[in-house]
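Just so you know, we're using the UniProt record's numbering here: the sequence shown kicks off at 5 and counts up by one.
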Amino acid sequence: PLVLGIETSCDETGVGIVRGHTLLANTIASSVEEHARFGGVVPEVASRAHLEAMAPTVERALDQAGLRLTDIDAIAVTAGPGLAGALLVGVAAAKAYSLGLGIPLYGVNHLAAHVAVDQLEHGALPKPCIAMLVSGGHSSLLLVPDVAKEVIPLGSTIDDAAGEAFDKVARLLGLPFPGGPYIDRAATSGSATAIHFPRGKYNDGTYDFSFSGLKTAVARWVEARLAAGESIPVSDVAASFQEAVVDVLTRKAIAACRTHGVRDLLIGGGVAANSRLRALAQERCDAAGIRLRVPRPGLCTDNGAMVATLGSDLVAAGVAPSLMDIPADSSMPVTTVHV
Ligand code: ATP
Ligand code: MG
Ligand code: FE
Numbered sequence: 005p006l007v008l009g010i011e012t013s014c015d016e017t018g019v020g021i022v023r024g025h026t027l028l029a030n031t032i033a034s035s036v037e038e039h040a041r042f043g044g045v046v047p048e049v050a051s052r053a054h055l056e057a058m059a060p061t062v063e064r065a066l067d068q069a070g071l072r073l074t075d076i077d078a079i080a081v082t083a084g085p086g087l088a089g090a091l092l093v094g095v096a097a098a099k100a101y102s103l104g105l106g107i108p109l110y111g112v113n114h115l116a117a118h119v120a121v122d123q124l125e126h127g128a129l130p131k132p133c134i135a136m137l138v139s140g141g142h143s144s145l146l147l148v149p150d151v152a153k154e155v156i157p158l159g160s161t162i163d164d165a166a167g168e169a170f171d172k173v174a175r176l177l178g179l180p181f182p183g184g185p186y187i188d189r190a191a192t193s194g195s196a197t198a199i200h201f202p203r204g205k206y207n208d209g210t211y212d213f214s215f216s217g218l219k220t221a222v223a224r225w226v227e228a229r230l231a232a233g234e235s236i237p238v239s240d241v242a243a244s245f246q247e248a249v250v251d252v253l254t255r256k257a258i259a260a261c262r263t264h265g266v267r268d269l270l271i272g273g274g275v276a277a278n279s280r281l282r283a284l285a286q287e288r289c290d291a292a293g294i295r296l297r298v299p300r301p302g303l304c305t306d307n308g309a310m311v312a313t314l315g316s317d318l319v320a321a322g323v324a325p326s327l328m329d330i331p332a333d334s335s336m337p338v339t340t341v342h343v
């Protein structure tokens with residue numbers, strides 16, 4: 005069946021179309037530029053932008069796939085977690101398409117969708133696998149027996165998300181928002197060992213993360229240089245900060261695989277687009293005999309195809325569609341794969 009997925013949990017209006025694990029279309033309208041001057045996503049601005057972009061983005065997705073709306077067999081939509089007002093726009097649109105076309109509706113979890121999307125690139129997920137989700141709002145380690153049925157949280161950040169740390173440090177360094185990609189780029193010409201920044205919760209034996217101490221350490225280091233009238237070596241700070249983040253992430257992800265006897269690690273979410281995270285994860289997985297799966301960068305950041313993929317898995321698993329009155333749940337737990 006053809007599944008159309010709608011994603012509006014943050015600042016990207018994403019619409020994707022899949023057949024099974026085959027990607028037919030993935031279109032995105034982003035309001036990121038409208039938020040840039042505020043240094044973060046402004047919820048009201050995001051909701052309005054979703055409203056304006058929704059119908060045209062669906063049209064573009066259909067064009068891209070060479071399909072008509074009446075060809076679609078099921079609609080999937082992010083029901084949470086995310087910004088309440090932003091989620092509502094996607095959920096309302098999905099209900100309208102579902103009712104109008106007389107086809108089933110599936111409300112899905114955004115985080116589970118970040119995991120499911122990898123199947124478009126690397127085929128069906130091994131059951132179980134360990135998934136590490138690193139984005140602007142989340143940093144979690146998950147044991148995934150079956151992404152369409154059961155996701156078990158092992159740990160998550162106790163303060164900032166990894167992407168949030170990238171964005172805040174980028175701001176300190178005078179780089180644009182969202183800062184992750186700019187840090188990634190700046191780091192390529194810097195030294196990862198130039199400055200030793202702290203690695204929070206490195207040896208605590210949990211699967212939790214902490215990035216706010218690291219962010220503060222970078223801020224202090226930068227302030228001290230400025231106070232001394234010295235310039236900031238942006239590339240070195242970027243590379244050293246990035247190394248601290250990816251060192252902790254990969255260490256804990258591999259520990260989770262070892263402890264649970266799982267041979268497959270998946271990394272997803274916007275920060276999985278980071279080139280150093282991808283390289284270090286590959287190196288450490290190779291050494292540990294773990295198979296690593298990371299979707300291409302365009303599938304790591306928020307998109308509609310990830311929602312369509314999870315919807316497609318739910319259809320394939322024979323899961324009953326959602327009721328027409330599904331809520332948008334801004335704090336939906338990762339254990340709720342669908343509503
Ligand atoms: P959620 O947490 O709900 O999934 P999100 O809006 O943060 O939402 P994503 O698109 O998954 O969604 O992630 C965006 C984050 O990823 C931002 O913090 C951004 O800076 C970060 N990011 C994107 N590319 C890179 C990169 N190359 N290196 C590091 N961070 C990156
Ligand atoms: Mg985003
Ligand atoms: Fe996301």
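Note that CB positions come from ideal geometry on N, CA and C, so glycine has one too.
What are the partner residues of Pro157, as DSSP defines its beta bridges? Leu146
What residues does ligand 1 have around it, judged by CB closer than 5 Å to any heavy atom, in chain order? Cys14, Ser139, Gly140, Gly141, His142, Gly167, Phe170, Asp171, Pro182, Gly184, Pro185, Asp188, Gly273, Gly274, Val275, Ala277, Asn278, Thr305 and Asp306
Figure out for me which residue from Gly9, Glu247, Ser160 and Ala191 has the closest Cα to the Cα of Leu109. Gly9
I need the DSSP call for Ser244, collapsed to helix, strand or coil. helix
Endpoints, the beta strand (DSSP E) within which Glu16 is located: Glu16 to Arg23
Minimum length 3: unbroken beta strand (DSSP E) runs contained in the segment 45 to 113: 78 to 84 and 109 to 113
Determine contact between the segment 157 to 167 and the segment 132 to 142, defined as no fewer than three beta-carbon pairs at a distance below 8 Å. yes
Given 8 Å, three or more beta-carbon pairs between the segment 179 to 186 and the segment 121 to 134: no
Contacting residues, own chain, Cβ-Cβ under 6 Å from Ser239 (five flanking each side not counted): Ala190, Ser193 and Gly194
Kindly identify the DSSP beta-bridge partner or partners of Gly233. Looking at the DSSP assignment, Gly233 forms no beta bridge with any residue, so it has no partner.
Rounded straight-line distance, which links the Cα of Gly111 to that of Ser326: 6 Å
Less than 7 Å between the C-beta atoms of Val338 and Val155, yes or no? yes
State the beta-bridge partners of Thr26 as determined by DSSP. Arg23
Does the beta-carbon of Ala65 have 16 or more other beta-carbons within 10 angstroms, so that it is buried, or is it exposed? buried
How about the segment 310 to 324 and the segment 79 to 94: do they share at least three Cβ pairs that are nearer than 8 Å? yes
Give me, in chain order, the residues of the same chain whose beta-carbon lies closer than 8 Å to that of Val250; leave out the 5 immediate sequence neighbours on both sides. Asn278, Arg280, Leu281, Leu284 and Ala285
Integer-rounded CB distance, given that Asn30 should sit under 8 Å from Asn307: 6 Å
Using the three-state DSSP reduction, which class does Thr305 fall into: helix, strand or coil? coil
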